[in-house]
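Q:
Protein chains: 2
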Amino acid sequence: MGNADYTYPWSNDYNSHAAASHRVAIPPPQPFVKSLKNTLKETFFPDDPLRQFKNQSPRKKLVLGLQYLFPILEWGPRYTLQFFKADLIAGITIASLAIPQGISYAKLANLPPILGLYSSFVPPLVYALMGSSRDLAVGTVAVGSLLTGSMLGQVVNANDDPKLYLHLAFTATLFAGLFEAALGIFRLGFIVDFLSHATIVGFMGGAATVVCLQQLKGIFGLDHFTHATDMILFMRSVFTQIHQWRWESAVLGCVFLFYLLLARYFSKKKAKLFWISAMAPLTSVILGSLLVYFTHAEKHGVQVIGELKKGINPASIMDLNFDSRYLTAAIKTGIVTGIIALAEGIAVGRSFAMFKNYHIDGNKEMIAFGMMNIAGSCTSCYLTAGPFSRSAVNFNAGCKTAVSNIVMAFAVMITLLFLTPLFYYTPLVVLSSIIIAAMLSLIDYEAAIHLWHVDKFDFVVCMSAYIGVVFANIEVGLVLAIGLSIMRVLLFVARPRTLVLGNIPDSKVYRSVDQYQNANNVPGLLILEIDAPIYFANSNYLRERISRWIDDEEDKLKASGDTGLQYVILDMSAVGNIDTSGISMLDEVKKIVDRRGFKLALANPGAEVMKKLNKSKFLETLGQEWLFLTVGEAVGACNYMLHSCKPKSTADDQSEKYSNNIV
Amino acid sequence: MGNADYTYPWSNDYNSHAAASHRVAIPPPQPFVKSLKNTLKETFFPDDPLRQFKNQSPRKKLVLGLQYLFPILEWGPRYTLQFFKADLIAGITIASLAIPQGISYAKLANLPPILGLYSSFVPPLVYALMGSSRDLAVGTVAVGSLLTGSMLGQVVNANDDPKLYLHLAFTATLFAGLFEAALGIFRLGFIVDFLSHATIVGFMGGAATVVCLQQLKGIFGLDHFTHATDMILFMRSVFTQIHQWRWESAVLGCVFLFYLLLARYFSKKKAKLFWISAMAPLTSVILGSLLVYFTHAEKHGVQVIGELKKGINPASIMDLNFDSRYLTAAIKTGIVTGIIALAEGIAVGRSFAMFKNYHIDGNKEMIAFGMMNIAGSCTSCYLTAGPFSRSAVNFNAGCKTAVSNIVMAFAVMITLLFLTPLFYYTPLVVLSSIIIAAMLSLIDYEAAIHLWHVDKFDFVVCMSAYIGVVFANIEVGLVLAIGLSIMRVLLFVARPRTLVLGNIPDSKVYRSVDQYQNANNVPGLLILEIDAPIYFANSNYLRERISRWIDDEEDKLKASGDTGLQYVILDMSAVGNIDTSGISMLDEVKKIVDRRGFKLALANPGAEVMKKLNKSKFLETLGQEWLFLTVGEAVGACNYMLHSCKPKSTADDQSEKYSNNIV
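Protein chains in written order, with our numbering: chain A, 1 to 663; chain B, 1 to 663.
#1: With burial defined as no fewer than 16 other Cβ atoms inside 10 Å of the residue's Cβ, what is the status of Asp13(B): buried or exposed?
#2: Only counting the same chain, and skipping five residues up and downstream in sequence, which positions put a Cβ closer than 6 Å to that of Ala607(A)?
#3: Since Leu672(B) contacts Val302(B) with CB under 8 Å, what's their CB separation in whole angstroms?
#4: Check whether chain B comes within 7 Å of Glu544(A), counting only Cβ atoms and requiring the distance to be less than that.
#5: What does the alpha-carbon distance come out to for the pair Gly65(A) and Glu625(B)?
#6: Examine the ligand ADP and report whether any of its heavy atoms sits within less than 6 Å of the Cβ of Gly184(A).
#7: So, under 8 Å CB-CB, Leu146(A) and Ala207(A) are touching, yes? Tell me the CB distance rounded to an integer number of Å.
#8: Roughly how many angstroms separate the alpha carbons of Val192(B) and Val292(B), rounded to a whole number?
#9: Ile89(B) to Leu570(A), Cα distance in whole Å?
#10: Let's see if you can read the secondary structure: which residues bound the beta strand (DSSP E) around Arg511(B)?
#11: For the beta strand (DSSP E) containing Asn577(A), list its first residue and its last residue.
#12: Compare the C-alpha of Asp551(B) against each of Gln56(B), Val568(B), Glu344(B) and Tyr535(B) and name the closest.
#13: Could you work out which residues of chain B lie near Arg595(A), taking near to mean beta carbons separated by less than 7 Å?
#14: Could you pull out every residue in the same chain whose Cβ sits closer than 6 Å to the Cβ of Ser573(A), ignoring the five residues on either side in sequence?
#15: Would you call the segment 172-185 of chain B and the segment 375-383 of chain B in contact, with 3 or more CB pairs under 8 Å?
#16: Could you name the residues of chain A that Lys615(B) contacts, counting a contact when the two beta carbons are closer than 7 Å?
#17: CB-CB under 8 Å to Leu261(B), same chain, minus the five flanking residues each way: which ones, in chain order?
#18: With 7 Å as the limit, tell me which residues of the segment 364-388 of chain A have their beta carbon closer than that to any beta carbon of chain B; keep them in chain order.
#19: Can you have a look at Val609(A) and say buried or exposed, based on whether 16 or more other CB atoms are within 10 angstroms of its CB?
#20: Express the C-alpha separation of Asn521(A) and Lys508(A) in angstroms, rounding to a whole number.
#21: Express the C-alpha separation of Leu600(A) and Arg134(A) in angstroms, rounding to a whole number.
#22: Taking 7 Å as the cut-off, decide whether the C-beta atoms of Ala447(B) and Val461(B) are in contact.
#23: Does the pairing of the segment 408-423 of chain A with the segment 297-313 of chain A give three or more beta-carbon distances under 8 Å?
#24: Can you name the residues of chain A whose CB is closer than 8 Å to the CB of Tyr541(B)?
#25: Let me know the beta strand (DSSP E) ranges lying completely inside the segment 564-629 of chain B, each 3 residues or longer, listed in chain order.
#26: State yes or no: is the beta carbon of Gly576(A) nearer than 7 Å to at least one beta carbon in chain B?
#27: Considering only the alpha carbon of each residue, which of Phe598(B), Lys611(B) and Ser433(B) lies closest to Tyr516(A)?
#28: Exposed or buried, what is His643(B) when buried is set at 16 or more other beta-carbons lying within 10 Å of its beta-carbon?
#29: What residues in the segment 462-494 of chain B have a beta carbon less than 8 Å from any beta carbon of chain A?
#30: With a threshold of 8 Å, are at least 3 pairs of Cβ atoms found where one atom belongs to the segment 153-168 of chain B and the other to the segment 353-363 of chain B?
#31: Give the secondary structure of Val304(B) by DSSP, where H, G and I count as helix, E and B as strand, and everything else as coil.
#32: Let me know the secondary structure DSSP gives Gly202(B) once reduced to three states.
#33: Looking at Ile99(B) and Thr426(B), is the spacing between their C-beta atoms short of 7 Å?
#34: Quick one: is Leu186(A) buried, meaning 16 or more other Cβ sit within 10 Å of its Cβ, or exposed?
#35: Determine the contact status of Val143(A) and Pro123(A), defining contact as a CB-CB distance below 7 Å.
#36: Does the CB of Gln101(A) have a neighbour CB from chain B at under 7 Å?
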């Protein structure tokens, strides 16, 4: 191990347990390139995706590679009629949800309603080929639609220049796809991890609140409405137009909302009744349309969708707009919507995979999502992902594979080809009701309460996301929540806890006296545990804090008239790494301790720490004999020296008292 | 502790050491307000500055408060004639350095030379009252001057509009002071800690390189020169003007540079000869001026300072410019220069305090620096801090207290009142030589080599700061280095190491098998240590990584035909904290482990972790009996169960083999 034979001051006559001779090992040196390669692998390939390619023939490798990119090649050959029956039912069920939801969400993004249908045709087909989730149902998402609307709305007004706005939406979708695919290809999926669960809960809740408020426009049948996404402006806009409220529209909206919520209530009570909730939007649309058709309510203040173009997706690759005036907005919208869509989609995919006990590769999913949006942007689709509501219906309907997405796509295709005229009389207020009903389930106040109980900081992150989204705008909320989350990580390192350890009775174990109230201090010794890596960000703090612990301990000992402080033991078990600033800090602590006439000992430094302490010569300054494998051994050695240096009689008396502590 | 009596599956007949009954304690619940108060105190008041105020009379508190703000009140009454003699010599010595350095650095910032003298008059007086370092010599700093010049130069050209430029320099100084004081008052000093030692080494080296190159202008006597701070433009500017090089100027410059470096060389060899190096700049100025005066070299291409206004600092409070066009630049310059000046000044103060064994309060120093710059901005001074070179001379000259700063200020005042005409003939090339000589000592290549040996990442940070400063500009270098440093901290948390533990022979201790090559795996058990807090940023990673460890272990066991995996033990010793995402991760790991038919055990979760696991009901899911105080106890219990469930004969055979591992 490289440590030569040191003479331990106590080794001659220490009445020794064998344990006392354990040495702290310096890990065997590794060539720089090898250790760099190792670090990069652990950072970017924790799941070792190339594992199955090892020791295979080139032909087999090609097959495996294709199966990796297109999972359908892997499960396709094993596909049975049994599976198809299940997928057919699930696919038709989600199509009945996808059609009204698609139209509604497209309105949310200020895009033509037909785009919602287009977006439920091409992307699900792409996902069926490339996606690895069996339960995800692909389609447009509420929050993504809202984000597209509000972010693009800042540069182009959808009413003034609908064509430019539409083209920018395609361009943003392309960038979202490129960004998602790039994250997957370069294995940077961990960026999505920075959207913590708490952030997503707060963010989704905030976005849902904003969306619900925006739907007041539809419910009250208002023509003019603010595009700003902030609550105060909304409410002002709604309540300054009281004279324009249409009671017909409002009544219709409330009735359908009640119906949708009632359907959900029954579905929640009995899982078998999931289809009531799944079919409710479509039945609302049909009932609403029939009502308008027969009562001619469109002439009495109830707005309708109007004409929808027949035919499947036209190509839109020539519509992509790379005009430098709008490029920044398009890229920004693409990145933000792309990452949000990924975060939701992957979380949804993972939770259903958890249920059914299969594994989802995050980076592979990102590539699938990316390709799906790239293909979508060329075929008149806007941002798609894996909405939770649709996927849950898919799961409950008993889907087996991604074929349910193909079935849905075909159902949507048939609608596009033949059934669009049927939507002429569909009242907008029904779409608003559908959106509100979907959004209400996103406001997950129970999760927020849970956060408050378990982790106050996570609650603060969640609330800041919510408040930011509702009172400022979506980006502010997101930046606030992510900023706070990162600050928490930095603060953990910048302000590590230092814990005083004491002996657990009847053992050789030393634990925090705060946590274990029965742990006893060892007289003459101060044992400190440092709870984080020692980095530049905390080295000054730790020096100050350790000095203060020593001061406090001395004051306490002086006050009690006990033996003075003699040894300071630092438990390094939880110190995962150290940098050069940290080593300087240890040097300074050693000087401080020396100057006061105490001795410094380190217990259980890890591999990385030992490597660096050795290279920086700190080990020589400290003396190898002051390194111990465990706190117990350190205490044993210190106690031995403490008492063997005293007049014989006292030492004997006390050695009995402390014999428990000697390992 | 709140944990009820659980029946341990092995408690009936476990041939038990008493240790097996140790419970992991849940820390006693604390009221939310109290724990918040505690956290805030640890975060912002680690040094407990109000400690001395406890249990004092109001009158005493007032005195202590004043002494806290003005340390001179504390040491002043104890000041002796002995001290004064030492401070007088040190003060005169640093004044002889301060005058030429002040003039040189003011040129570096494109400010009138006289400002350098003004800045060595008022700020040292303020610092003497408020500062807590006994060795810091106050004055303008090279890097701060360079930064002021380059950052303000981006909005105003110093040659085109010298008055506006001057006023903006005062304004930037005011903002620097306000920012520094605010950091100190709000106890945000830890922001300065984010400038790691490695960053500062690289940054200082880069800035010194840039400054040296800029001085080529002075050495070659060039009139026109680029203001861009990037090396390639410099070199082009120098070498495209070869026809304008003045050999008289160049010869003079080289001679003086050689003299200055020689003086430093002797001083370094013998610490007692420090005064040679300290006096060298002043003697250079005197010799250079005499030479020019007698040879009339100013008419042969050697540029001179020219007239300096007599008299002490005029007030500049009315010159502060808050014009909105320049405000952003002034604030930005103030913040960047302020924080860099603080980082250097506090590091210098701390290192000398370390030598003399007294303590410096970082936040108090920040307030002193801030007040000194606020006062300076109103009295025609620009940014001041504690330059290393001047402070080192002060220290070597034997200063005792901040009175040496007062002495220096008076010497500068006398110069301002009576001696400014003497500088008329001082050649600019001598100033350039002084700057180059000072800068060469800032390029600390030895420190960079040390970083490479000890910590490769710190070396990368250092080099990125250097390269950024030299090839792009100062801000790019700084942002790059700080960004990388922060990324490292985030990466530590986002990609924590997971270590497989094995048993150290002849002990009950379990350590990483990578570090301790003699550590033995325990058959049927996988023991993993997680080396960082479990946060949103790493929970997905950890789930994947732990799954992979389990897969690997199973493969290995299958290949060797050994008993299959039965227990997975997570050592939580190094997990300082957990958030709700982390708890979900543990939940999922528990599910994964259960599904495969293994059992999950946790060893030594800390106080914070226990608190949250308890609140989130994870402890109930896991079962209290699967929590252990140490890995040893966990292994003991698992081994017991492993063998007691087997046919009697085998169990007996094996129990001997593993008896070492049972605690």
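The C-beta atom is built at its ideal place from N, Cα and C for all residues, glycine as well.
A: Let's see:
#1: Low confidence applies to Asp13(B): its pLDDT is 43, below 50, so where it sits in the model is not reliable enough to give any reading.
#2: Pro27
#3: An answer regarding residue 672(B) cannot be provided, because it is not within the stretch 1 to 663 covered by chain B.
#4: yes
#5: 45 Å
#6: This structure simply doesn't include the ligand ADP, nor any ligand for that matter.
#7: 6 Å
#8: 45 Å
#9: 44 Å
#10: Tyr510 to Ser512
#11: Element bounds for Asn577(A): n/a, residue is neither H nor E.
#12: Val568(B)
#13: Asn357
#14: Asn604
#15: yes
#16: His453 and Val454
#17: Ala437 and Leu440
#18: none
#19: buried
#20: 13 Å
#21: 58 Å
#22: no
#23: yes
#24: Pro46, Phe190 and Asp193
#25: 567-571 and 599-603
#26: yes
#27: Lys611(B)
#28: buried
#29: Ser485, Ile486, Arg488, Val489, Leu490, Leu491, Phe492, Val493 and Ala494
#30: no
#31: strand
#32: helix
#33: no
#34: The sequence given here has Phe at residue 186(A), not Leu. Exposed is the call here.
#35: no
#36: no
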